[in-house]
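J.: So that we are looking at the same thing, I have put the structure below in structure tokens.
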Amino acid sequence: MVALVTIVLLFLVALCSPAIVGTKPIVCNYKGNLYFPCLGYFNPKWENPIFIKDKFRGVYPRSLKQKDAESWAVWPLVYQDPYRRVKADEWHGVPSSREMLDNPVQNHGKPSAHNFFGTTPYGVDVFAGMVHGTRIAVLVGFVSMGIASFIGITIGALAGYFRGWIDVVLSRLIEVVMCIPTLVLILALISVIAEPTVWHLMAIIGVTSWTSIARLTRAEFLKLREMDYVAAARALGASHVRIIFIHVLRNALAPVLVPISFGVAAAILIESALSFLGFGAPPPNPSWGNLLHLGQDHILGKMWWLVLFPGLGIFLTVLCYNLVGEGLQEATDPRLRQAGK
Amino acid sequence: MTEPLVEIKNLRTHFFTDEGVVKAVEDVSLTIPRGKTLGLVGESGCGKSVTALSIIRLISPPGKIVSGSIAFYDDGRKIELTTLPEAEMRKMRGSRIAMIFQEPMTSLNPVFTVGSQIAEAVRLHHRVSSREAWDRAVEMLHKVRIPDAQRRASEYPHHFSGGMRQRVMIAMALSCNPKLLIADEPSTALDVTIQAQVLDLLRDLQTEFGMSILIITHDLGVIAEMADDVCVMYASKVVEYAPVVELFTNPLHPYTRGLFASRPEPGKPKDQKLRTIPGVVPSPLRFPSGCKFHPRCAYAQERCKKEEPVLRRPNLSQIPPSHVVHCHFAEQIEEQEEAAVKSV
Amino acid sequence: MLQYLVRRMLWGLLTLLLITFVIYGLIRFMPGDPALLKLYQESSDKKITAEQIEQQRKMYGLDQPFYIAYVKWLGDVLTGNLQTSFAYKAPVSSVIGERIGRTLMLTINSLILEYLLAIPLGLYFTARSSRLDERSGSMLLFMLYSLPSFCGALFLQLWFAVYLEWLPLHGMQSDNYEQLSTLGKTWDLFKHALLPVAAFTYGGLAYYSRFLKATMNETVRQDYIRTARAKGIGPLKVLCWHAFRNSLIPLVTQIGLTLPALLSGAIILERIFSWPGIGTLFFQSILERDYPIIMGLVLMFSILTLLGQLLADVLYAFVDPRVSYK
Ligand SMILES: Nc1ncnc2c1ncn2[C@@H]1O[C@H](COP(=O)(O)OP(=O)(O)O)[C@@H](O)[C@H]1O
Ligand SMILES: [Mg+2]
């Protein structure tokens, strides 16, 4: 239960990340028009061209005031940026007693009232990176498992439903793919791509991690196809496609959710591992794995916050998905259900 | 009357589950006579197995013996089983009290040979070498009429059929000469012919070994064949208790009458429908008030809904004192039924 | 049994062919030309002629289409020759052989530790089922199980190597290794291996003890356990002999299936700890496009996986009298 709530929270954070922390106003009135510059965090193209034309260079507070005295803006809860170092004069509220008014660099960037989770060696706020990194974590989980579920369910359903030689061929395929160590395959695939992006990563994780889903779907279909309602549907003249997707799949879905849920955890883990190894999303992208990578590079500088916070983020997310998977497993496994009573 | 081997008084065994307290055994009193057989009969779920497991103290959490006493008379000593320390109880199991179960297919450990499983029981209670224990195992297998016992002792349970496995179970149970053998539906899971063989075997072994048997079943045929005394249970309670011939000639409780009436008999005219007991066994979480049988009883009256009857001797001249029943109106029902029989 | 094994082997060989073919194809499509890379590294004035490139490509067998090169590679492998590494200019087998011991030193030790700890833990938790210590212990194991090994490894490094300075941060030997006595050498190696082994072990430990506990929970509900208790056997013996002997069946099949993880699991951790083993080698070969090494390692991983499955089957028949492959 707690795990489910945490996952929903993670989603919300991912969705609202630009509103929680950022340097771009959520809404601003500029030269008589309303703009939503914060959308630029989701996709640079969504940042209104007018700000580029007026040479804001990503620094909003001063530019807004200078170029349009009438302007107003609603700012994110925390004024920090996941991509760049925030300068001292950018934002009010920095206490004048502090010597370094910019975001601190190197191991001066301990967690403080202005950088909750400290800063990277280059003075970029870790908290901002963490919050914006949730987007990748959430996306990776869903996109890659979406792909994996599609492949896995299709192959498993075909094998389990039609049996015979189709089953033999597909089962062999599943076995072969299972034989290849996932990490080896993923590393090989990634190196094939010239400029890997997060999307490539998700696709690769997706196409390499469908085997457990396929195996379970196949087992469920083998069991369910013997059920009376399948025979009834066939007697009524329903097509194979209809039977597979309407009748059987609906009943097989609950158990199949179990490997999917564990799969999401594994996908997040793999993504952060790849980013950590330097094979992941290219650096400007804030990803937990990238932050951890920085942490390892600078481990001798005793910048513990660079290791602790992203590490905890990955850990908690994986833990939550595993807990949900475990819960699902208990709910769908009849043997365990009986034992619980 | 013969002297008792086990005397159970007011036994209560409850399961403290998340959904509530399941009162699986309520106020059960019964006596297992030495060298004789007591039959425990009733619909499934009425608490027969729990009673048996209470005797051998194998009730696992959340179950617990709440109150009552189980006295075991061993060589003139009285042993109170409910308060016996676990270590002592363990010595009783197997050596004094043995048990066989309903499911022969799953009751033997699949990864050990049957001989070693029997020998293990022997070595547990006797100081013998493993060689001697093995010989004893083979001898026991021979006694339960398993052909080629020498060779089969070193085979695994999956090489045996259901009936054969039940024989192995019996051999294992009797390997240490127990005083009491509890047989929980020993033949229910078997084919009819095999059933008869196993029951025959049990009877023959009883004459040979002289142990008492508590046989649990829902089959009145098994009772007729095996038991000396019969105890009928319904919804965690004993509803009627009598010697076997007496019970079969004079069933008094409406539930016992129902059991007999719902039995197909070759003498009955074919067009006459079998009488069944209407309704279902109540859930132990939601027992009805008063007499628990009243919702299904054809003779139920107001009093039955309010007041729980006690187990008592009916006030009838032809009934011997050893016959007790758990019904307010046993006498009146008997008169009604007699009248009905006469009028036909 | 024999017939079954032979059939499994044949399927295994087919699988092996498929995997190596796919991977070979894949790596040939990797951008970046090893010939170019190599020449660039070697030439002092960074000027490379087209002729040189051509020559180098020919030497590496890159002038042919990949399927022909694959067949050639396959032929070489069948004669026991894994070709020569581009980067190390040494036979692949000797390059791998030199490093495999170092990886196995980590993984086998941690595997032994995992089992040594997981079995008593699993049994203990089964015995204490749903008590307070079992619940909290199980939760802790679940958390360890969910803590990715690279996070755990970093935490360990940060705490024990950076802050406490008890143990070396990475590497396998100290700089003065050669001058140390035999005892000192062992001690030095031990200190270096401690953190990596710990990082390897905790995840597997959590996995196996949870696995064992789950199967044991299933086993202790079986009828034959009740039979054993009715015989008068004590709870400890019921648990450790009758129940555990049955739970061993799924457990040993797990051993076989984890065989490949012994090596592939090392890729990330060896990199974190700069441990000069198989994982680091694989990582570098991918960066340097050292095709023969990559192929050699892939071949080894796949063979190990297949062997593991075979081993699982054989062990299965060994511990479960009901199974026989006839
Ligand atoms: N482990 C248990 N937990 C909860 N209730 C139980 C348990 N074992 C038995 N019961 C309950 O006790 C009652 C009697 O069961 P049992 O003695 O097995 O019936 P039977 O007469 O068929 O042998 C049943 O209603 C059952 O629900
Ligand atoms: Mg029963």
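Listed in order, the protein sequences are those of chains A, B and C. 0 is the number of the first residue of the first sequence in numbering that gives the first Met the number 0; add one for each residue after it. 0 is the number of the first residue of the second sequence in numbering that gives the first Met the number 0; add one for each residue after it. 0 is the number of the first residue of the third sequence in numbering that gives the first Met the number 0; add one for each residue after it. Using N, Cα and C, we set each Cβ at its ideal position, and we do this for glycine too.
What is the DSSP secondary structure of Arg27(C), counted as helix, strand or coil?
T.: helix
J.: Secondary structure at Pro94(A), three-state DSSP: helix, strand or coil?
T.: For Pro94(A), the predicted model reports a pLDDT of 45, less than 50, meaning its position is unreliable; a value from the coordinates is still stated below. Three-state DSSP puts Pro94(A) in coil, outside helix and strand.
J.: State buried or exposed for Ser96(A), treating a residue as buried only when at least 16 other CB atoms are found within 10 Å of its CB.
T.: Any reading at Ser96(A) needs caution, since the residue's pLDDT is 41, under 50, leaving its predicted position unreliable; the model's value is listed next. Label assigned to Ser96(A): exposed.
J.: Starting from Val77(A), follow its DSSP beta bridges and name the residues at the other end.
T.: Val20(A)
J.: In chain order, what are the residues with a CB under 7 Å from some non-hydrogen atom of ligand 2?
T.: Ser43(B), Lys47(B), Ser48(B), Gln101(B), Asp183(B), Glu184(B) and Ile215(B)
J.: Between which residues of its own chain and Ala311(C) is the CB-CB distance below 6 Å, once the five residues before and five after are set aside?
T.: Thr252, Gly255 and Leu256
J.: Report the CB separation of Leu327(A) from Leu223(A) in whole angstroms; it is logged as a contact under 8 Å.
T.: The Cβ separation is near 18 Å, so there is no contact.
J.: Is there a Cβ from chain F that is less than 7 Å from the Cβ of Cys239(C)?
T.: The chain inventory of the structure shown lacks chain F, comprising the protein chains A, B and C.
J.: Since Gln165(B) and Val137(B) should fall inside the 8 Å C-beta cutoff, what is the C-beta to C-beta distance between them, to a whole number of angstroms?
T.: Actually they do not touch by this definition, with Cβ atoms about 18 Å apart.
J.: According to DSSP, is His13(B) helix, strand or coil?
T.: strand
J.: Judging by CA-CA distance, which residue of Phe141(A), Asn47(A) and Ala187(A) is the nearest neighbour of Ile293(C)?
T.: Ala187(A)
J.: Taking 7 Å as the CB-CB limit, is Thr304(C) close to chain A?
T.: Using beta-carbon distances, Thr304(C) counts as an interface residue toward chain A, with a partner under 7 Å.
J.: Does the CB of Lys230(C) have a neighbour CB from chain B at under 7 Å?
T.: yes
J.: Rounding to the nearest angstrom, what Cα-Cα distance links Gly74(C) and Gly278(C) in this structure?
T.: 26 Å
J.: Please look up how many angstroms separate the CB atoms of Phe220(A) and Gly159(A), rounded, as I've assumed it's under 8 Å.
T.: The C-beta distance from Phe220(A) to Gly159(A) rounds to 3 Å, short enough to fall under 8 Å.
J.: Out of curiosity, what's the CA-to-CA distance linking Ala86(B) and Ala51(B)?
T.: 19 Å
J.: Just to confirm my understanding: we take Ile189(A), look at its own chain, exclude 5 residues before and 5 after, and list those with CB closer than 8 Å. What are they?
T.: Pro195, His199, Leu200, Ile203, Leu273 and Phe278
J.: Could you give the first and the last residue of the continuous beta strand (DSSP E) run that contains Lys236(B)?
T.: Lys236 to Pro242 is the extent of the beta strand (DSSP E) around Lys236(B).
J.: At a threshold of 6 Å, does Thr16(B) count as lining ligand 1 (C-beta to nearest heavy atom)?
T.: For ligand 1, a non-hydrogen atom lies closer than 6 Å to the CB of Thr16(B).
J.: Taking the alpha carbon of Ile49(A) as the point to measure from, which residue in Gly294(A), Leu33(A), Thr118(A) and Ile135(A) has its own alpha carbon closest?
T.: Leu33(A)
J.: At which residues does the beta strand (DSSP E) containing Ser28(B) begin and terminate?
T.: Segment Gly19 to Pro32, the beta strand (DSSP E) holding Ser28(B).
J.: Around the Cβ of Met58(C), are there at least 16 other Cβ atoms within 10 angstroms (buried) or fewer (exposed)?
T.: Its Cβ having fewer than 16 others within 10 Å, Met58(C) is exposed.
J.: Ignoring anything shorter than 4 residues or poking outside the stretch 132 to 178 of chain A, list the alpha helix (DSSP H) runs there in chain order.
T.: 163 to 178
J.: Which complete alpha helix (DSSP H) runs does the stretch 187 to 254 of chain A hold, if anything under 4 residues is left out?
T.: 197 to 207, 210 to 223 and 227 to 234
J.: Hey, out of Gly41(B), Met98(B), Pro61(B) and Arg56(B), whose CA is closest to Val20(B)'s CA?
T.: Of Gly41(B), Met98(B), Pro61(B) and Arg56(B), the residue nearest in Cα terms is Pro61(B).
J.: Thinking just about the alpha-carbon of each residue, which of Val40(B), Cys45(B) and Glu2(B) is nearest to the one in Ile31(B)?
T.: Glu2(B)
J.: Would the beta-carbon of Pro283(B) be found less than 6 Å away from any heavy atom of ligand 1?
T.: yes
J.: Express the C-alpha separation of Ala205(C) and Pro24(A) in angstroms, rounding to a whole number.
T.: 46 Å
J.: Alpha carbon to alpha carbon, how far is Pro146(B) from Gly209(B)?
T.: Using only the alpha carbons, I get a separation of about 24 Å.
J.: Which chain C residues sit within Cβ distance under 9 Å of Glu138(B)?
T.: Simply none; closest approach about 17 Å.
J.: What would DSSP say about Leu296(C), mapped onto helix, strand or coil?
T.: Correct three-state label for Leu296(C): helix.
J.: Say whether chain B places a C-beta atom closer than 7 Å to the C-beta of Arg134(C).
T.: no
J.: State yes or no: is the C-beta of Ile259(A) within less than 7 Å of the C-beta of Gly140(A)?
T.: no
J.: From the DSSP secondary-structure annotation, give me the bridge partner or partners of Asp227(B).
T.: The partner list for Asp227(B) (beta bridge, DSSP) is empty, contrary to what the question assumes.
J.: Of all the options Arg311(B), Leu29(B), Thr187(B) and Pro287(B), which has the alpha carbon lying nearest to the alpha carbon of Val229(B)?
T.: Leu29(B)
J.: If I measure Cβ to Cβ from Glu98(A) and keep anything under 6 Å in the same chain, skipping five residues before and after, which residues do I get?
T.: Reliability fails at Glu98(A), whose pLDDT of 47 lies under 50, so the model's placement of it is uncertain and no value is given.
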